[in-house]
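So the structure is just underneath, and the comments pick up after that.
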Amino acid sequence: AQSVTQPDIHITVSEGASLELRCNYSYGATPYLFWYVQSPGQGLQLLLKYFSGDTLVQGIKGFEAEFKRSQSSFNLRKPSVHWSDAAEYFCAVNTGFQKLVFGTGTRLLVSP
Amino acid sequence: DSGVTQTPKHLITATGQRVTLRCSPRSGDLSVYWYQQSLDQGLQFLIQYYNGEERAKGNILERFSAQQFPDLHSELNLSSLELGDSALYFCASSGLAGGPETQYFGPGTRLLVL
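Order-wise, the sequence lines are chains A and B. Position one of the first sequence corresponds to residue 1 (the working numbering), numbered consecutively onward. Position one of the second sequence corresponds to residue 1 (the working numbering), numbered consecutively onward.
If you want it as structure tokens, here you go:
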């Protein structure tokens with residue numbers, strides 16, 4: 001069965017600094033990969049997705065993620081973090097017309 | 001705004017009661033998914049419907065049931081509620097626009113069982 005690991009429960013980044021959130025997945029073939037963001041008291045917003053092709057994908061709010069097959073990773077990055085980026089970030093995998101399997105999430109704190 | 005709507009936003013009820021959560025998918029989406037988010041279990045898939053038919057089932061309790069109606073809205077019924085059912089319940093939908101594998105989430109219904 002597929003699984004997703006987000007090894008960092010919390011990350012604190014200074015405003016203006018770069019960000020990288022880690023995500024590793026377990027699946028035999030290339031899955032469909034997603035990053036979602038959840039602001040306090042809000043729903044899940046899709047940041048970006050990878051299905052195939054270019055392994056560097058661009059998303060909303062200045063985020064990007066890189067798919068690395070050899071490392072089974074799909075890390076999320078942002079060159080300069082804004083205070084409004086403070087939220088919880090979820091990596092997820094989907095192997096078809098079915099459920100998303102989510103990681104446990106990484107809570108991002110942004111310090112001034 | 002994802003285009004997925006859920007009602008109610010908040011629900012407070014007592015143990016042993018029954019509640020119904022409602023979800024309207026994005027226009028044109030045929031699939032509806034239900035997820036539960038709790039502190040101890042994280043985000044867990046419950047069930048999927050596609051064009052009125054159950055398509056996939058996850059860790060959904062027997063006390064819980066769902067259905068999708070001809071107008072494609074869906075309802076999640078939770079009965080004999082227990083304290084541990086307190087959670088955030090999300091509905092998501094997917095369809096051809098954005099790809100069938102891309103799920104768009106509603107704002108959720110926060111259920112508190114007292």
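Glycine residues also receive a C-beta, built at the ideal position from the N, C-alpha and C atoms.
Inter-residue spacing [alpha-carbon to alpha-carbon] between residue i and residue j
i                     : j                      : result
residue 87 of chain B : residue 17 of chain A  : 34 Å
residue 28 of chain A : residue 108 of chain A : 30 Å
residue 29 of chain B : residue 12 of chain B  : 30 Å
residue 47 of chain A : residue 33 of chain A  : 11 Å
residue 22 of chain A : residue 50 of chain A  : 15 Å
residue 39 of chain B : residue 85 of chain B  : 11 Å
residue 15 of chain B : residue 101 of chain A : 29 Å
residue 33 of chain B : residue 24 of chain A  : 24 Å
residue 1 of chain A  : residue 71 of chain A  : 18 Å
Helix, strand or coil at residue i [DSSP, three-state]
i                     : result
residue 60 of chain A : helix
residue 72 of chain A : coil
residue 83 of chain B : helix
Spatially closest choice to residue i from the options, by CA coordinates
i                      : options                  : result
residue 104 of chain B : A:10, A:31, A:99         : A:99
residue 8 of chain A   : A:48, A:53, A:105, A:112 : A:105
residue 84 of chain A  : A:6, A:14, A:35, A:1     : A:14
residue 37 of chain B  : A:24, A:35, A:90         : A:90
residue 111 of chain A : A:80, A:57, A:62         : A:80
residue 108 of chain B : B:6, B:2, B:1            : B:6
residue 9 of chain B   : A:82, A:31, A:42         : A:42
residue 26 of chain A  : A:86, A:60, A:62, A:6    : A:6
Counterpart residues of residue i in DSSP-defined beta bridges
i                     : result
residue 37 of chain A : A:45, A:89
residue 77 of chain A : A:20, A:64
Whether residue i touches residue j by CB criterion (7 Å)
i                     : j                     : result
residue 76 of chain B : residue 92 of chain B : no
residue 22 of chain B : residue 4 of chain B  : no
residue 74 of chain A : residue 63 of chain A : no
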